[in-house]
């Protein structure tokens, strides 16, 4: 199974990230379902990381 993603990043005058968008192809959701048992859309990285941590905890892996 494969997937790809691409991102758009905007920065301000101080090179601080002000916007970050990531887009993926249609195979990404089935990949996440197989890998961690859930797929997005995830709003921000916290939701994704929480889902990943739940999956790892079920498998007995501590982060």
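Residue numbers (this note's numbering): 312 to 374. Where a beta carbon is used, it is the ideal one built from N, C-alpha and C, also for glycine. Note that the coordinates shown come from a computational prediction; the quantities given were computed from them, not determined experimentally.
Closest residue to residue i among the options (Cα-Cα distance)
| i | options | result |
| --- | --- | --- |
| residue 313 | 342, 368 and 350 | 342 |
| residue 381 | 317, 347 and 363 | Past the boundaries of the shown model lies residue 381; the chain is included only from 312 to 374, so the question cannot be answered. |
| residue 291 | 321, 369, 315 and 340 | The question about residue 291 has no answer here: the residues shown for the chain are numbered 312 through 374. |
| residue 367 | 319, 346, 324 and 323 | 346 |
Strand pairing of residue i, partner residues [DSSP]
| i | result |
| --- | --- |
| residue 335 | 316 |
| residue 347 | Per DSSP, none; premise fails for residue 347. |
| residue 365 | According to DSSP, residue 365 bridges with nothing at all. |
Rounded separation between residue i and residue j - CA only
| i | j | result |
| --- | --- | --- |
| residue 365 | residue 373 | 10 Å |
| residue 349 | residue 370 | 15 Å |
| residue 351 | residue 324 | 32 Å |
Where residue i falls: helix, strand or coil (DSSP)
| i | result |
| --- | --- |
| residue 321 | strand |
Is it the case that the region 345-358 contacts the region 317-330, given that we only count it when at least three CB pairs across the two stretches are under 8 Å?
Counting Cβ pairs under 8 Å, fewer than three are found: no touch.
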